[in-house]
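Asker:
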Ligand SMILES: [Zn+2]
Ligand SMILES: [Zn+2]
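Numbering (UniProt numbering), first residue to last: 1 to 329.
Pasting the structure below:
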């Protein structure tokens, strides 16, 4: 079958690889669409994935075309979105409910072959069946949405919160959509990229600007979300948290990124700084929210690019053009 392969650091190609075969409790999915994300760039840069080569792609949905001998829950012809998380269920973190912090954390498209291919294999336990009205190719958005839902789980945001989001790429926009639906009193968005900010405005924001300086809220925001991973944005955001507020590190920073904190203010103003990593018990709920129209795929998916052009798609993503880019096998 045809698949994208990150062969070595900085080198992605599209090539022929053997068709996958399912284990007893696995299914084979014919991929309808696979989203690109920052994680794929990190893998290309030699981070995250323990070993190369790897078929990337952890955001995908498709048709079940093969099932293992012990699979009864889904059948050939079902359409599914796939949770890429592979937990060991044995380590201390798994046994205390923190599976996304698993000591042997693994994921489809990060540590095992992923969905940037014609076919991908997934444990049946990772598959969520799609309802009739959801288009298979749109359901590649369920995985990033499940990360945003996890972010909201961490925040335990109260009704009436004033929310500030840094970054209006796909993840920032998903946090925006969730914030609007979870009773925020206001949701403001900051982004240096005017085109991206325009999309945020289209979706509906309370205020938006290139810098939080332009937003009139001297007392700060109850919830500040970084969806950029950028040091300058994170540093700025930390200083904008209101008393008793929470800063959520949601964007993926480079390993070497450093910012400074103000311990006295954290103490004196009871500020919480926290993070959320990937998916935790949130995929099923994201699929349900998605089926209920929490986000408009036509807005969120900006480019549908043939799998053959995976390296170009990655380049386009890296350049910051567009929103969610999906490859279509
Ligand atoms: Zn992702
Ligand atoms: Zn574990």
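A virtual CB, placed ideally from N, CA and C, is assigned to each residue, including glycine.
Owing to the predicted nature of the structure, the values given are computational and were not obtained by experimental measurement.
For ligand 1, is there a heavy atom less than 7 Å away from the beta-carbon of residue 136?
Answerer: Residue 136 sits at position 136 when you count from the first residue of the chain shown. Outside the cutoff, so no.
Asker: In the structure shown, what three-state DSSP assignment does residue 408 receive?
Answerer: The chain is shown only over 1 to 329; residue 408 falls outside these bounds and no answer can be derived.
Asker: Within 8 Å of any Cβ in chain D, is that where the Cβ of residue 33 sits?
Answerer: Although the question refers to chain D, the structure presented lacks it and comprises just one protein chain.
Asker: If you measure between the beta carbons of residue 3 and residue 81, is that distance less than 8 Å?
Answerer: On the chain shown, position 3 is the one that residue 3 refers to. On the chain shown, position 81 is the one that residue 81 refers to. The answer is no: Cβ separation not under 8 Å.
Asker: With a cut-off of 8 Å on the beta carbons, I'd call residue 231 and residue 272 a contact; round off their distance for me.
Answerer: As a first step, residue 231 must be located in the chain shown, where it is residue number 231. As a first step, residue 272 must be located in the chain shown, where it is residue number 272. Contact doesn't hold; Cβ gap of about 20 Å is too wide.
Asker: Spatial neighbours of residue 282 within its chain, please: CB distance less than 6 Å, with the 5 preceding and 5 following residues excluded, ordered by chain position.
Answerer: As a position in the chain shown, residue 282 is number 282, starting the count at 1. Correct list, in chain order: 146, 149, 150.
Asker: Would you say the beta carbon of residue 88 comes nearer than 7 Å to a heavy atom of ligand 2?
Answerer: By one-based count along the chain shown, residue 88 stands at place 88. True, at least one ligand heavy atom lies under 7 Å from that Cβ.
Asker: Nearest CA to the CA of residue 204: which residue from 165, 225, 212?
Answerer: As a first step, residue 204 must be located in the chain shown, where it is residue number 204. With distances taken between Cα atoms, residue 204 lies closest to 165.
Asker: Output the boundary residues of the beta strand (DSSP E) element that contains residue 32.
Answerer: As a first step, residue 32 is located in the chain shown; it is residue number 32 there, counting from the start. Taken as a continuous stretch (DSSP letters only), the beta strand (DSSP E) holding residue 32 covers 26–35.
Asker: Per DSSP, residue 326 is paired with what?
Answerer: Locating residue 326 in the chain shown gives position 326, where the first residue counts as 1. Partner(s): 35, 304.
Asker: Cα separation between residue 278 and residue 249?
Answerer: As a working mapping, residue 278 is identified with position 278 in the chain shown. As a working mapping, residue 249 is identified with position 249 in the chain shown. The alpha-carbon atoms of residue 278 and residue 249 are separated by roughly 12 Å.
Asker: Does the separation of the CB atoms of residue 13 and residue 118 fall below 8 Å?
Answerer: Here residue 13 refers to the residue found at position 13 when the chain shown is read from its first residue. Here residue 118 refers to the residue found at position 118 when the chain shown is read from its first residue. Not closer than 8 Å, so no.
Asker: Going along the chain, which residues of its own chain have a beta-carbon closer than 8 Å to the beta-carbon of residue 124, five neighbours each way excluded?
Answerer: The residue given as residue 124 occupies position 124 in the chain shown. Once the five neighbours on either side are set aside, the close Cβ partners of residue 124 are 25, 26, 27, 67, 68, 71, 73, 74.
Asker: Pick helix, strand or coil for residue 155, following the three-state DSSP scheme.
Answerer: Translated into positions along the chain shown, residue 155 becomes position 155. Residue state, collapsed to three classes: helix.
Asker: Can you name the residues that DSSP bridges to residue 127?
Answerer: Position 127 of the chain shown, counted from the start, is the residue given in the question as residue 127. Answer is 82.
Asker: Given 8 Å as the limit, is there contact between the segment 39–55 and the segment 153–167, that is, 3 or more CB pairs closer than that?
Answerer: No, they do not touch.
Asker: What do you reckon, is the C-beta of residue 127 under 7 Å from a heavy atom of ligand 1?
Answerer: For the purposes of this step, residue 127 is taken as the residue at position 127 of the chain shown. It does not: the Cβ of residue 127 is nowhere closer than 7 Å to a heavy atom of ligand 1.
Asker: Out of 62, 44, 47, 17, which one is the CA nearest neighbour of residue 333?
Answerer: There is simply no residue 333 to check, as the chain begins at 1 and stops at 329 in what is shown.
Asker: Give the straight-line distance between the Cα atoms of residue 222 and residue 23, rounded to the nearest whole angstrom.
Answerer: Residue mapping note: residue 222 aligns to position 222 of the chain shown, counting from 1. Residue mapping note: residue 23 aligns to position 23 of the chain shown, counting from 1. For residue 222 and residue 23, the distance between alpha carbons rounds to 47 Å.
Asker: Specify the secondary structure class of residue 133 as computed by DSSP and reduced to three states.
Answerer: Stepping through the chain shown from its first residue, residue 133 is reached at position 133. Note: residue 133 maps to coil in three-state DSSP.
Asker: Run the proximity test for residue 103: is its beta-carbon closer than 7 Å to any non-hydrogen atom belonging to ligand 2?
Answerer: Position 103 of the chain shown, counted from the first residue, corresponds to residue 103. Flag set: Cβ of residue 103 near ligand 2.
Asker: Is any non-hydrogen atom of ligand 1 found closer than 7 Å to the C-beta of residue 144, if you look at the structure I gave you?
Answerer: Reading the chain shown from its first residue, position 144 is the one you call residue 144. Indeed, a heavy atom of ligand 1 lies less than 7 Å from the Cβ.
Asker: Going by C-alpha distance, which of 288, 110, 214 is nearest residue 7?
Answerer: Your numbering for residue 7 matches position 7 in the chain shown. Of 288, 110, 214, the residue nearest in Cα terms is 110.
Asker: Comparing the CB of residue 37 with every heavy atom of ligand 1, is any distance shorter than 7 Å?
Answerer: As a first step, residue 37 is located in the chain shown; it is residue number 37 there, counting from the start. Indeed, a heavy atom of ligand 1 lies less than 7 Å from the Cβ.
Asker: Can you round the beta-carbon distance between residue 86 and residue 93 to whole angstroms, since I take them to be within the 8 Å contact cut?
Answerer: Position 86 of the chain shown, counting from 1, holds the residue named residue 86. Position 93 of the chain shown, counting from 1, holds the residue named residue 93. About 14 Å separates the two Cβ atoms, so there is no contact after all.
Asker: Contact defined as beta carbons within less than 8 Å: I believe residue 301 pairs with residue 328. What is the distance between those atoms, to the nearest angstrom?
Answerer: Sequence index remark: in the chain shown, residue 301 carries index 301 (1-based). Sequence index remark: in the chain shown, residue 328 carries index 328 (1-based). With a Cβ gap of about 10 Å, residue 301 and residue 328 do not count as contacting.
Asker: Got a sec: does ligand 1 put a non-hydrogen atom nearer than 7 Å to the Cβ of residue 59?
Answerer: As a position in the chain shown, residue 59 is number 59, starting the count at 1. Checking every heavy atom of ligand 1 against the Cβ of residue 59, one is found closer than 7 Å.
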